[in-house]
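First comes the structure, then the notes that go with it.
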Amino acid sequence: MTKYVIRRFLGLLPTLFIIITISFFIIRVAPGGPFSREKALPKQILENIEKKYHLDEPLIVQYGRYLLDILRGDLGPSFRYKDHDVNYYILNALPDSMVLGLMSLCLALLLGISTGIVSATRQNSVLDYSSMAVAVIGISIPLFVVGPVLMYIFAIRLDLLPTSGWIMADGSWKTAIMPVATLTLPYFAYLARLSRASILETLRSDYVRTARAKGLSPSVIMFKHILKGALLPVVSYLGPAFANIVTGSIVVETIFRVPGLGIFFIQSAINRDYTLIMGTVIVYSVILLIMNFIVDIAYGFMDPRISYT
Amino acid sequence: MKKLVLLLFVLCLALPAFAVDFRIGNGAEPQSLDPHLVSGTVEHRIYMGLFEGLMTYDPRTANPIYGVAQSHTVSSDNLTWTFTLRPGIVWSDGTPITAQQVVDSWLRCLDPNTGAEYASLLTDVIKGAAEFNAGTGPRSGVAVRALDSRTFQFNTKVPAPYVLSMVCHYAFAVVPTHTIAKHGDRWTLPENIVSNGPFVLKEWKPQEVIIAEKNPRYWGARNVKLDRLIFYPSDSYATLYNMYIKGEIDWNTQPPPPELADAAKLRKDFLTEPELASYYYQFNQTKPPFDDVRVRKAFSMSINRKELTEKITRTGQIPAFSYVPEFAGYTPPKGIGENAEQAKKLMAEAGYPGGRGFPEVTILYNTSETHKKIAEYFQQKWEQTLGVDVVLNNQEWATYLDTRKVQQFDLCRAGWVADYQDPFNFLFMWLSDNFDFNDGRYNNPRYDQLIRQANSMQPGPERNKVFAQAETILIEQDHGIMPIYYYVSQNFIDTNKWGGWYPNLLNNHPYWAIYKK
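One line per chain: the protein sequences are D and X, in this order. Reminder that position 119 of the first sequence reads as 119 in this note's numbering, one-by-one numbering, no gaps. So this note's numbering is basically just the index in the second sequence, starting at one, shifted up by 309.
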């Protein structure tokens, strides 16, 4: 088992390397560059700027230079935001996105799995149908509708909450409510449906029938025997979901002014800010790879039928 | 005595309660706080809080008034400008501001290594500047100099009457060269920055907030009534609108979300004001069909600008029939007007009666709901009136620029906001050698000649008349571009609560004038 873990972990490095390489070259294929302007910069100035950022060197040299910089932990200067470098933005923005993401994911897990359990054990009841209806709504309505609607109801009409801001950005605890609620919704919805389906399937299996035959109480059956198996799909889902949610939802962060990483994903692409794009891609990839790795290992502990040799 | 001390102590505790914060919803996160490295209105609003140049803006008219300079003289040929700085004027760290620093600041903007986007304002006007900026001339060739510690002088290439208006712009900023020498690229960080404006940067948290506190060393500090400026960055019109109506910000600089435009218009604190800015389409004149003036005129005459501004854009935009808006001292030509019948006739004359035989043409525009709606309106109008097929091509900004620059369009949406109040700042764009803006490649040697002639004339009505002559050729004779509307600035601010804030043509609002009523 340990050998598997180590092998798997080391395998992450080549994957990351490939991601970085492909991204590095692909972003330079898009038309325009970081210094395209309507009123084009005079030739001499453009040359000087490009020299300053090593954009005049052959692509392969720039690539090599970038790799060496990454190894030293330096993600480079931002081409667009002149006063800070990429490390600064990422180190400042990532914690905000992570906290927002973790809060939302925990809430989504709690609500989603509970709803799934209730729905599965009371299959085809009113409770089941209504929970699943809420879930479908949650998956279908886009975040950029949910967010402003919540803001309108709670901040403007009812005047209960501030419109925007973030607890980690000198806002009160109230600022966390709407962004977390908005971001939780689609994940809760998906988790509810996922757990319901998975539990339903597990309910029919032989070992559960045995447990019932043994006379165990329903809650013991559920929490000790069913969930461990039924939640395998949930664990699978959690890997990418975690990576997705902690690197920032651009919609929720923009609407509620959460100073996270989400906004940099899109803005840096529009601005052709190559270094910031690469920075965000690397952060996302690292988190995604690590989470998938953890999920893989967790599988082994959760389902005794799975063994790694 | 003890009672007095106690009273004073209590008053001091209460003072913070009287501190006046002015909260501004600013728009996107600024690119930089270095005046020489920026080019947007977002950065300009922050610049105006922290820095001041030789001249600054009158809050009511946006005309130039003295800032760092106390007085100026100009030679009789209007080519030599001499400014005297205020006595005892200092930076926020107490270092005196000298004429040599003004020289060094302007040279820094021009220095090719700085990469200043707005260096063009200096290269257009100051003798020797273009050569230094292009790397073909020496630094010493730029005609700027310090005659003594308080006297700054420069020579212009042409007798530009707009010099005073121009030096308000941040390209001409006076920057703390001593701080830059010490901290290099990091001079704008709150712990390093030094400024000379009414406020000093206290805090900067990216995507979150920028806080500036009153600068006690500002020469006009006695009259500054605000204690802090708080800038909130946000890309979302809806969020800023909601923050404003809930009272979380005092001034929203961004327009209302399009769906709420009608609701916003009913509010008394929604202030619109004509702006020196033009929304227009370019014609690609390097190939058919828009190389034919009759086709260009037909397209322009078959739309209804009033209908467009009333039904589509809906926040008080002004239909435009010339490129330069009318303003003090300049009367633009009347344009060719709108006339559907005449338009159809012109199309027939050009060989496309009823639109038959006319190739499918594309409107290129950069991604935005507004541009899309406007383009769709034209598409429909041209189909109905002229019987032609128009296709829309929407590209995000950088791609759109690329496409534009290689003439891969038939019609192309564009906009222009004036940097200073003079017709040259609009009409220079259509000189045949202006490869920055003239992507449609409009080319009329007579136009070029008139523009250059006007720009070298002494200020006065004659000068403006020659500009108007040139614009008449551009619009009425050749119709080299299609004017659509003039922008209006859109701001949310309660002027019953805040005084000293006035809508004006340049949409510039100096903070030293603002006070709480």
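Glycine included, each C-beta is placed from N, C-alpha and C at the ideal position.
Proximity test, Cβ basis, 8 Å: residue i and chain X
i: residue 239 of chain D; result: no
i: residue 38 of chain D; result: yes
i: residue 259 of chain D; result: yes
i: residue 87 of chain D; result: no
i: residue 143 of chain D; result: no
i: residue 138 of chain D; result: no
i: residue 41 of chain D; result: yes
i: residue 18 of chain D; result: no
i: residue 196 of chain D; result: no
i: residue 255 of chain D; result: yes
i: residue 312 of chain D; result: The shown model of chain D, from 1 to 309, leaves out residue 312 of chain D, and the question about it has no answer.
Residue i versus the options, residue with shortest Cα-Cα distance
i: residue 337 of chain X; options: X/545, X/696 and X/408; result: X/545
i: residue 685 of chain X; options: X/617, X/717, X/708 and X/661; result: X/617
i: residue 822 of chain X; options: X/682, X/530, X/706 and X/410; result: X/530
i: residue 528 of chain X; options: X/698, X/756 and X/395; result: X/395
i: residue 69 of chain D; options: D/81, D/80 and D/85; result: D/85
i: residue 694 of chain X; options: X/612, X/342, X/659 and X/815; result: X/612
i: residue 321 of chain D; options: D/282, D/298 and D/286; result: Missing from the structure shown is residue 321 of chain D; chain D here goes from 1 to 309 and no further.
i: residue 711 of chain X; options: D/30, D/79, D/304 and D/229; result: D/30
i: residue 352 of chain X; options: X/533, X/541 and X/559; result: X/541
i: residue 633 of chain X; options: X/739, X/339, X/719 and X/436; result: X/739
i: residue 411 of chain X; options: X/598, X/484 and X/444; result: X/484
i: residue 179 of chain D; options: D/145, D/193 and D/207; result: D/145
i: residue 605 of chain X; options: X/314, X/790 and X/334; result: X/790
i: residue 251 of chain D; options: X/553, X/554, X/555 and X/547; result: X/547
i: residue 26 of chain D; options: D/15, D/302, D/202 and D/59; result: D/59
i: residue 207 of chain D; options: D/1, D/267, D/242 and D/228; result: D/228
i: residue 615 of chain X; options: X/737, X/627 and X/608; result: X/627
Chain D within 8 Å of residue i, Cβ atoms only
i: residue 497 of chain X; result: yes
i: residue 551 of chain X; result: yes
i: residue 720 of chain X; result: no
i: residue 538 of chain X; result: no
i: residue 397 of chain X; result: no
i: residue 516 of chain X; result: yes
i: residue 679 of chain X; result: no
i: residue 335 of chain X; result: no
i: residue 442 of chain X; result: yes
i: residue 548 of chain X; result: yes
i: residue 379 of chain X; result: no
i: residue 601 of chain X; result: no
i: residue 543 of chain X; result: yes
i: residue 388 of chain X; result: no
i: residue 745 of chain X; result: yes
i: residue 728 of chain X; result: no
Residues sharing a beta bridge with residue i, DSSP
i: residue 378 of chain X; result: X/394
i: residue 373 of chain X; result: X/366
i: residue 799 of chain X; result: X/581
Residue i: CB within 7 Å of a non-hydrogen atom of the ligand COA
i: residue 801 of chain X; result: This structure does not include the ligand COA; it has no bound ligands of any sort.
Q. Looking at C-beta atoms only, is the number of pairs between the region 108 to 118 of chain D and the region 184 to 191 of chain D that lie closer than 8 Å three or more?
A. yes
Q) Which residues, in order along the region 555 to 579 of chain X, keep a beta-carbon less than 7 Å from a beta-carbon of chain D? A) 555 and 557
Q: Could you name the residues of the region 415 to 426 of chain X whose beta carbon sits closer than 7 Å to any beta carbon of chain D, in the order they occur along the chain?
A: Here the close residues are 421, 422, 424 and 426.
**Q.** Touch test, the region 492 to 509 of chain X against the region 420 to 433 of chain X, Cβ-Cβ under 8 Å, three pairs minimum
**A.** With fewer than three CB-CB distances shorter than 8 Å, the region 492 to 509 of chain X does not count as touching the region 420 to 433 of chain X.
Q.
Assess contact between the region 208 to 223 of chain D and the region 152 to 161 of chain D, defined as three or more Cβ pairs (one per stretch) separated by less than 8 Å. Is contact present?
A. In this structure the region 208 to 223 of chain D does not lie against the region 152 to 161 of chain D, because fewer than three pairs of beta carbons, one per stretch, are closer than 8 Å.
Q | Contact set between the region 353 to 368 of chain X and chain D, restricted to residues whose Cβ is under 8 Å from the partner | A | Within the region 353 to 368 of chain X, no residue places its CB atom closer than 8 Å to a CB of chain D.
Q. Given 8 Å as the limit, is there contact between the region 467 to 483 of chain X and the region 348 to 366 of chain X, that is, 3 or more CB pairs closer than that?
A. yes
Q: Would you list, in chain order, the members of the region 106 to 124 of chain D that have their beta-carbon closer than 8 Å to a beta-carbon of chain X?
A: none
Q.
With three or more C-beta pairs closer than 8 Å as the rule, is the region 362 to 369 of chain X touching the region 447 to 457 of chain X?
A. Because the criterion of three Cβ pairs below 8 Å is not met, the region 447 to 457 of chain X and the region 362 to 369 of chain X do not touch.
Q) Counting Cβ pairs, one atom from each stretch, are 3 or more of them under 8 Å apart for the region 717 to 731 of chain X and the region 292 to 303 of chain D? A) no
Q. What residues from the region 146 to 172 of chain D come within 7 Å of chain X, judged by C-beta to C-beta, listed N to C?
A. Taking 7 Å as the Cβ-Cβ cut-off against chain X, the residues of the region 146 to 172 of chain D that qualify are 148, 151, 155, 156, 162, 163, 164 and 169.
Q: Would you list, in chain order, the members of the region 697 to 711 of chain X that have their beta-carbon closer than 7 Å to a beta-carbon of chain D?
A: Cβ contacts with chain D come from 705, 706, 707, 708, 710 and 711.
Q | Contacting positions in the region 49 to 75 of chain D - beta carbon closer than 7 Å to chain X | A | 49
Q: Decide yes or no for the touch test of the region 403 to 422 of chain X against the region 37 to 56 of chain D: beta carbon pairs closer than 8 Å, at least 3 of them.
A: The region 403 to 422 of chain X is in contact with the region 37 to 56 of chain D.
Q) Quick one: any contact between the region 217 to 225 of chain D and the region 259 to 272 of chain D, if contact means 3 or more CB pairs under 8 Å? A) no
(Q) Can you pull out the residues from the region 478 to 509 of chain X whose beta carbon lies closer than 8 Å to at least one beta carbon of chain D? (A) 494, 495, 497 and 498
Q. What residues in the region 264 to 281 of chain D have a beta carbon less than 7 Å from any beta carbon of chain X?
A. Of all residues in the region 264 to 281 of chain D, 270 and 272 have a Cβ within less than 7 Å of some Cβ in chain X.
Q. Any residues in the region 21 to 33 of chain D with a beta carbon nearer than 8 Å to a beta carbon of chain X? Which ones, in chain order?
A. 30, 31, 32 and 33
(Q) For the pair the region 189 to 209 of chain D and the region 131 to 142 of chain D, tell me if three or more CB-CB distances fall below 8 Å. (A) yes
Q) Taking contact to mean at least 3 C-beta pairs separated by less than 8 Å, is the region 796 to 805 of chain X in contact with the region 557 to 572 of chain X? A) yes
Q.
Count Cβ pairs between the region 633 to 648 of chain X and the region 771 to 784 of chain X that sit closer than 8 Å; are there 3 or more?
A. With a cut-off of 8 Å, the region 771 to 784 of chain X and the region 633 to 648 of chain X count as touching, because enough Cβ pairs lie within range.
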